[in-house]
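There are 2 protein chains.
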Amino acid sequence: MRDGEDSIARPLGLLHSPTFAMPAYRLQNIGPYRFHRGGEVPEVSLAYETWGALNHARSNVVLLTTGLSPGCHAHSTLLDPSPGWWEGMIGPGRALDTDRYFVICNNSVGSCHGSTGPASVDPRTGSRYRMSFPELSVEDIAATSRLLLQSLGVTKLAAVVGSSLGGMTSLAYAAMFPHEVDKLVTISAAASASTFAIALRSIQREAIRTDPAWLDGSYPLDKPPLVGMALARKLGLVSYRSPGEWGLRFKRDRVEKPKAHGIEFEIEAYLEHQASRFIHTFDANCYLYLSRAMDLFSLESHAETPEEAYARVGARRTLVVGVETDILFPVEQQLDLANRLRAAGKNVHLARLSSLQGHDSFLIDLDRFSPVIGSFLEEG
Amino acid sequence: MRDGEDSIARPLGLLHSPTFAMPAYRLQNIGPYRFHRGGEVPEVSLAYETWGALNHARSNVVLLTTGLSPGCHAHSTLLDPSPGWWEGMIGPGRALDTDRYFVICNNSVGSCHGSTGPASVDPRTGSRYRMSFPELSVEDIAATSRLLLQSLGVTKLAAVVGSSLGGMTSLAYAAMFPHEVDKLVTISAAASASTFAIALRSIQREAIRTDPAWLDGSYPLDKPPLVGMALARKLGLVSYRSPGEWGLRFKRDRVEKPKAHGIEFEIEAYLEHQASRFIHTFDANCYLYLSRAMDLFSLESHAETPEEAYARVGARRTLVVGVETDILFPVEQQLDLANRLRAAGKNVHLARLSSLQGHDSFLIDLDRFSPVIGSFLEEG
């Protein structure tokens, strides 16, 4: 699709992605939206997919919130049979059991896989928002997902489940709408980002902003800041897995034809391959907005005191999952979150997993994640 | 000094840095040099400083090898009273006791603080080497330091001591010249870099190489690739300290006037400040060469089998120092190094320190480092 075309003005229905890939999802216009930290847009559309059946009472809804880069295609569908990013976790008898639950996943506001974000056209101007998009907060991702659910007639959630940025979103959701969440699952996330994680993400954003092709965000869509995006993605990738896993997988193995001052090690070839795929499927400005939202999030900002903020998390039961090898959201953050929620009187189950794959373990080590999340969602 | 001037053709003596700062060091031309992995230069000069007095037998020499960025100014001198990078570790009664030892530190070959490197002029062409400089190895840093010592009439070392890249250099020195080293001290280093460390350094180098100002290494010296260097240095800095220290020092504190999509957090302001100082004092091509040398180093490449390589490390006694919070050279690497040296029959003392400052602890936490290194060097 060329710049200037307005995808979000299309009627609700099965659409292709406005910018990049061509998945089949539903699109819902939830109307005008005012952002958590100010600014508004005349309309927000959210791309979403669902699995399982909504029951009569509309009481079996699980909202699945996403990390920074995934879209709403968490599982294959009839319309899009390609595997989703949590394929093994969703389905009949799976952890997110579609025999019981109606699972819904939407692409976050601010992203570029169908939902309204910086790469979308501002209907007021006919031009893309780019850096004029309002400041994005984790709270906006939660609040717009809720508006989507309301537009579908859903007012209460059986559960909100999310990992990484999605784990922050699920936490924000339960704090902002405490009477609307029965169970909360927050995975490899935290009440706020660590200084180290902020530093790593800040460098990623700087790599994009300092790419001359970025043009203050006004790059032509067919000439994005690929060099900065590749650097950002590589640094992101390095932080998503554990040093131990990198060592086991790639050791100090060299590529077949090492190039001095180029690709010499297998780890470099891997990062290059992964990054070169990603940079053509994600909008640079959206990356900046979503990355920054993670740094700015603080559950404790939801009340006068930290204690009150944790007390606001309204789920009847909460599952906090952490991974011992995670360097981006280290397990100490999940322990701290669980402890503070308990201190606020919450019913919290903490699962500390020894997966090797670091922050991304929730995408890979399903043998460990499935039973933990499945049994938590199964319990009355 | 302008591009084209030839500093290394100056007579031996007290000189200013050819490119950047203006320290007072000695410069020794050690003649032509053939590099470990091939290629040669018609002459190598090394900048060096010394502390203490050489004894008659020339048997009290401690060679101090450096990390990636420091020059030879490890301690203040009469000629340069500014504090050196290991000021508190060198001097009468200090860990490197100048009442007993003659301490010498040289700027590594390949660096830009006085010694011959990519920023130096190739006397054959009258132009700077830049990326035509031969492939640099840790072994070259060790071998050229040895040639410097030989030119000063020193044939045996009481000790070789080094941290980080310098810790690799000290290890290489003892493996390459096993009969010339009495004591070996290798600090926060390893027999080879971890996959994770290679990945982080690879991204740093890519940030420099993809800066359009880099010009394949041929940037005018007054127009270096500052943007790429800043990104590289920031990522380096983040990896030099521990996530725990970053958290304690900067938390999620915001700067006074946060700028959206700019500097918002104190950690970002700190990295910006540190990087903006560094990028004007270090040559980008030299950074590429030294960073890559760390990735390419492998002690095990010194023999047919790993066991033989460790057996070649010829020091009579070895001290291996590691820091529990180091993410770049994690303490497991020092444990492994010590174990393998012991398995090869070496006399090894391992010191595992709990400093908070990660990889850079050896520069900061002298209360922990001084007694460990001091008592090791004191023992007969």
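Protein sequence lines, in the order shown, are assigned to chains E and C. Taking the numbering used here, I'd label the letters of the first sequence as residues 22 to 401. Taking the numbering used here, I'd label the letters of the second sequence as residues 22 to 401. Glycine included, every Cβ here is placed at the ideal spot set by N, Cα and C. Computed from a predicted model, the values in this text were never measured in an experiment.
Under 7 angstroms from the C-beta of G131 (chain E): neighbouring residues of chain C | By Cβ distance, chain C contributes nothing, its closest Cβ being about 13 angstroms from G131 (chain E), past 7 angstroms.
Taking the Cβ atom as the reference point for each residue, do V206 (chain E) and F397 (chain E) lie within a distance shorter than 8 angstroms?
-> Yes. Within cutoff.
Give the interface partners of F271 (chain E) over in chain C, defined as CB-CB distance under 8 angstroms, in chain order.
-> Those within 8 angstroms of F271 (chain E) in chain C are T216.
Bounding residues of the alpha helix (DSSP H) (the contiguous stretch that carries K255 (chain C)) | That run of the alpha helix (DSSP H) goes 247–261.
Contacts of R230 (chain C) in chain E (Cβ-Cβ under 9 angstroms) = Going along chain E in sequence order, the residues near R230 (chain C) (Cβ under 9 angstroms) are H282, G283.
Residues sharing a beta bridge with D118 (chain C), DSSP = Looking at the DSSP assignment, D118 (chain C) forms a beta bridge with C:G112.
Cβ distance (whole Å) where T165 (chain E) is taken to contact V83 (chain E) below 8 angstroms | That pair is no contact at about 17 angstroms.
If you compare alpha carbons, which of C:A332, C:A193, C:Y54 is closest to A364 (chain C)?
-> It is C:A332 whose Cα lies nearest to the Cα of A364 (chain C).
Which residues share a DSSP beta bridge with N50 (chain C)?
-> Beta-bridge partners assigned by DSSP to N50 (chain C): C:S66.
Would you identify the three-state DSSP class for C126 (chain E), choosing helix, strand or coil?
-> Shown here, C126 (chain E) sits in a strand according to DSSP, grouped into three states.
Does any residue of chain C bring its CB to less than 8 angstroms from the CB of G343 (chain E)?
-> G343 (chain E) does not count as touching chain C.
At which residue ranges does the segment 159–208 of chain E contain complete beta strand (DSSP E) runs of 3 or more residues, listed in the order of the chain?
-> Segments of the beta strand (DSSP E) lying fully in the segment 159–208 of chain E: 178–184, 202–208.
Beta-carbon proximity of I288 (chain C) to W267 (chain C), cut-off 8 angstroms = The answer is yes: Cβ separation under 8 angstroms.
Hey, is the segment 185–203 of chain E in contact with the segment 150–161 of chain E, meaning 3+ C-beta pairs nearer than 8 angstroms?
-> With the cut-off at 8 angstroms, the segment 185–203 of chain E and the segment 150–161 of chain E touch.
Drop a sphere of 10 angstroms on the beta-carbon of T146 (chain E), count the other beta-carbons inside from all chains shown, and report buried for 16 or more, exposed for fewer.
-> Residue burial is scored here from C-beta neighbours: T146 (chain E) has fewer than 16 other C-beta atoms within 10 angstroms and is therefore classed as exposed.
Indicate the three-state DSSP secondary structure (helix, strand or coil) for F390 (chain C) in the structure shown.
-> Correct three-state label for F390 (chain C): helix.
Are the beta-carbon atoms belonging to V344 (chain C) and S382 (chain C) less than 8 angstroms from one another?
-> A contact, by the Cβ cut-off of 8 angstroms.
Can you name the start and end residues of the alpha helix (DSSP H) that R226 (chain C) belongs to?
-> Counting along the chain, the alpha helix (DSSP H) containing R226 (chain C) begins and ends at 216–230.
Report the option in C:L170, C:S213, C:R167, C:K177 whose CA atom is closest to the CA atom of G188 (chain C).
-> Here the closest residue by C-alpha is C:S213.
Can a CB atom of chain C be found closer than 8 angstroms to the CB of A42 (chain E)?
-> Low confidence applies here, because A42 (chain E) scores a pLDDT of 47, under 50, leaving its location unreliable; read the following figure in that light. Taking Cβ atoms only, chain C never reaches closer than 8 angstroms to A42 (chain E), which makes this a no.
Meets three-Cβ-pair contact criterion under 8 angstroms: the segment 299–318 of chain C and the segment 134–143 of chain C | Yes, they touch.
Kindly indicate if chain C contains any beta-carbon less than 8 angstroms away from that of D267 (chain E).
-> It is worth fixing the name first, because residue 267 (chain E) is Trp in this sequence and not Asp. Yes, its Cβ sits closer than 8 angstroms to a Cβ of chain C.
Note down, in chain order, every chain E residue with its Cβ under 8 angstroms from the Cβ of I224 (chain C).
-> What I224 (chain C) touches in chain E: L252, K255, L256, V259, L292.
Own chain partners of G109 (chain C) with C-beta closer than 8 angstroms, once the 5 adjacent residues on each side are dropped = Excluding its 5 nearest sequence neighbours in each direction, G109 (chain C) has C-beta neighbours in its own chain below 8 angstroms: R115, L387, S391, listed in chain order.
Can you give me the start and stop residues for the beta strand (DSSP E) that L84 (chain C) sits inside?
-> From DSSP, the beta strand (DSSP E) with L84 (chain C) extends over 82–86.
Proximity winner among C:E325, C:S129, C:Y261, C:R262, relative to L168 (chain C) (alpha-carbon distances) | That would be C:S129, whose Cα lies nearest to the Cα of L168 (chain C).
Hey, does R313 (chain E) have any beta-carbon neighbour from chain C nearer than 8 angstroms?
-> Chain C contact via Cβ: present.
Name the DSSP beta bridge partners of G343 (chain E), please?
-> Looking at the DSSP assignment, G343 (chain E) forms a beta bridge with E:R373.
How about I300 (chain C): is its C-beta nearer than 8 angstroms to some C-beta of chain E?
-> Not closer than 8 angstroms to any Cβ of chain E, the Cβ of I300 (chain C) fails to qualify, so no.
Kindly say whether L221 (chain E), judged by its beta-carbon, lies nearer than 8 angstroms to any beta-carbon of chain C.
-> It does; some Cβ of chain C falls within 8 angstroms.
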